[in-house]
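Protein chains in written order, with the UniProt record's numbering: chain A, 1 to 248; chain B, 1 to 248.
Idealized CB from N, CA, C, for every residue including glycine.
All values reported here derive from a predicted model rather than from experimental measurement.
Working notes, beginning with the structure itself.
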């Protein structure tokens, strides 16, 4: 095991930070690492917005469900899928790219490019001894986020990434069994075995919560996930993305 | 600069591999690293299919536009956005999750989760001295890929990741200027400055190709990207995803 794999394997989300801010050098190193990630056909379909204005951070924290650590951290990056850039390029090159920019394929490309870049940023930050947490909660109200960050049409803020010096380190949550996530040659065809794996994982997760909360929390993973999906969260997303003339 | 950041910054895609296969231990380390990535609300909405069957690899290489390295490498991972798992969980928990699973928000969650996991896998592999290349070309014909890998409804193979011992190391392509990708507090509002940055980058890219091809290749980045977008690639994607009752 090398240093990089150790860094990756010891990841846990950090939600409580010291007051210390990241330096300009740290921020630029993290952004350069993000940019080093692979990108589909070299299109680099993302923009990263660093938020240093404390009132903007507080507004974003409110959108994300009043999560204090969105406002109080070493630095807040907002990772945006960016297809606006190609509108500008379309004008510069005088090439009609409208149908392509608006397509579901390019929407997927932008999401994937953005996430690959973000994960490089996360790993780079963690390798510097910093803690990180993704803030999907920004998607609670993207209209508001776009207003705060003054993003043009076709820029979709996908998530935040808070980075900082950890005040408190959480335990690591066990992941799905490797043989449930990783199949060979074909998707696992045996539904009974599939469910058996999920039940085994439910036991792992119950034991984990039981231990962490001294018996107070008893939920299983499938119970937790079904509750999350039952909530019908962010159902406005389809129309919001369409209003940006994307994902068509 | 630490070892991890060095690994991240020296990334380049590798498209020519030695014949040597990855060991079981290497494969499992890479998958465990993938699983260590952050995941939205802990849903872990992806499945990784390792392809070892040479005839399947050849079929996938054909889909990806006859790219030889898709068949000839140390290992081929196919990263799938997986919302099928939650259909099973819906039955297990007897909770109606249909609308949520089918939503654009959950489609985005699955794409992001899958990409974060994949980038961890990529970095882990590179830290082991292996080379990698993402294979977005699988999206040329997802119906065929799903057939080869026998994936159920609501499993979308997003891309491949080939890994192996590099036979040939390419040069690194320069990325967009940092101040073009990274803005602070608001999205860059000055379109003139934005275009000036793109023109500066065009010069960087022209110089890069000029040097790499002894003057044969003269394309700019915006020229290249506009040609890519003009192609209207994979326009079937919208309907394909809808047929899986996703992204609604």
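Option in the options with minimal Cα separation from residue i
i              : options                           : result
residue 274(A) : 38(A), 76(A), 63(A) and 35(A)     : Residue 274(A) is absent from the model: chain A starts at 1 and stops at 248.
residue 202(B) : 189(B), 188(B) and 217(B)         : 217(B)
residue 151(A) : 233(A), 247(A) and 81(A)          : 81(A)
residue 95(A)  : 231(B), 240(B) and 235(B)         : 231(B)
residue 68(A)  : 223(A), 209(A) and 16(A)          : 16(A)
residue 146(A) : 166(A), 198(A), 223(A) and 63(A)  : 63(A)
residue 136(A) : 105(A), 44(A), 103(A) and 233(A)  : 233(A)
residue 197(A) : 210(A), 209(A), 208(A) and 182(A) : 182(A)
residue 153(B) : 243(B), 168(B), 70(B) and 174(B)  : 243(B)
residue 58(B)  : 168(B), 245(B) and 148(B)         : 148(B)
residue 66(B)  : 235(B), 140(B) and 84(B)          : 140(B)
residue 184(A) : 220(B), 200(B) and 56(B)          : 56(B)
residue 44(B)  : 61(B), 85(B), 60(B) and 51(B)     : 85(B)
residue 90(A)  : 236(B), 167(B), 83(B) and 195(B)  : 195(B)
residue 220(B) : 238(B), 237(B), 200(B) and 169(B) : 200(B)
9 angstroms Cβ cutoff met for residue i and residue j
i              : j              : result
residue 2(A)   : residue 158(B) : no
residue 144(B) : residue 74(B)  : no
residue 119(A) : residue 115(B) : yes
residue 37(A)  : residue 79(A)  : no
residue 156(B) : residue 187(A) : no
residue 11(B)  : residue 122(B) : yes
residue 225(B) : residue 107(A) : no
residue 46(A)  : residue 124(A) : no
residue 160(B) : residue 138(B) : yes
residue 142(B) : residue 35(A)  : no
residue 240(B) : residue 101(A) : no
residue 247(A) : residue 39(A)  : no
residue 4(B)   : residue 4(A)   : yes
residue 70(B)  : residue 14(B)  : no
residue 88(A)  : residue 191(B) : yes
residue 19(A)  : residue 72(A)  : yes
residue 174(B) : residue 208(B) : yes
One or two residues paired with residue i in a DSSP bridge
i              : result
residue 81(A)  : 46(A) and 156(A)
residue 135(B) : 160(B)
residue 13(A)  : 132(A)
residue 182(B) : 48(A)
residue 76(B)  : 51(B) and 162(B)
Anticipated Cβ contact below 8 angstroms, residue i with residue j, distance rounded
i              : j              : result
residue 171(B) : residue 212(B) : 6 angstroms
residue 99(A)  : residue 223(B) : Not really, about 19 angstroms apart at Cβ, beyond 8 angstroms.
residue 164(B) : residue 131(B) : 6 angstroms
residue 8(B)   : residue 33(A)  : 5 angstroms
query: What residues from the stretch 198-210 of chain A come within 8 angstroms of chain B, judged by C-beta to C-beta, listed N to C?
result: Only those residues of the stretch 198-210 of chain A whose C-beta falls short of 8 angstroms from the nearest C-beta of chain B are listed: 198.
(request) Check distances from the C-beta atoms of the stretch 177-193 of chain A to those of chain B and list, in chain order, the residues that come in under 9 angstroms. (result) Listed by position, the residues of the stretch 177-193 of chain A near chain B (Cβ gap below 9 angstroms) are 178, 180, 181, 182, 183, 184, 185, 186, 187, 188, 189 and 191.
* Between the stretch 95-108 of chain A and chain B, which residues of the former have a C-beta closer than 8 angstroms to a C-beta of the latter? -> Cβ contacts with chain B: 95, 96, 97, 99, 100, 101, 103, 104, 105, 106 and 108.
- request: Return the residues of the stretch 141-153 of chain A that lie within a Cβ-Cβ distance of less than 7 angstroms from chain B, sorted by chain order.
  value: Residues 149, 150, 151 and 152.
Return the residues of the stretch 209-238 of chain A that lie within a Cβ-Cβ distance of less than 8 angstroms from chain B, sorted by chain order.
Flagged, chain order: 221, 222, 223, 224, 225, 226, 227, 228, 229, 230, 231, 232, 233, 234, 235, 237 and 238.
Review point. Of the residues that make up the stretch 1-17 of chain B, which ones have a beta carbon closer than 7 angstroms to any beta carbon in chain A?
Key: Hits within the stretch, in order: 2, 3, 4, 5, 7, 8, 9, 11 and 13.
Proximal residues, the stretch 130-141 of chain A versus chain B, C-beta separation under 9 angstroms:
Going along the stretch 130-141 of chain A in chain order, one finds 132, 133, 134, 136 and 139 with a Cβ nearer than 9 angstroms to chain B.
Using a Cβ-Cβ cut-off of less than 8 angstroms, give me the residues of the stretch 43-54 of chain A that come near chain B, in sequence order. If the cut-off is 8 angstroms between Cβ atoms, the stretch 43-54 of chain A has 43, 44, 46, 47, 48, 49, 50, 51, 52 and 53 near chain B.
Near-chain A residues of the stretch 61-87 of chain B (beta-carbon distance less than 7 angstroms), N- to C-terminal order = Taking 7 angstroms as the Cβ-Cβ cut-off against chain A, the residues of the stretch 61-87 of chain B that qualify are 86.
Item checked: Chain-ordered residues of the stretch 20-43 of chain A with a beta carbon less than 7 angstroms from chain B -> Under the 7 angstroms Cβ criterion, the stretch 20-43 of chain A contributes 28, 29, 31, 32, 33, 35, 36, 37, 38, 40, 41, 42 and 43.
Output needed in chain order: residues of the stretch 161-174 of chain B with a Cβ under 7 angstroms from some Cβ in chain A. Taking a C-beta cut-off of 7 angstroms against chain A, the contacting residues of the stretch 161-174 of chain B are 173, listed in chain order.
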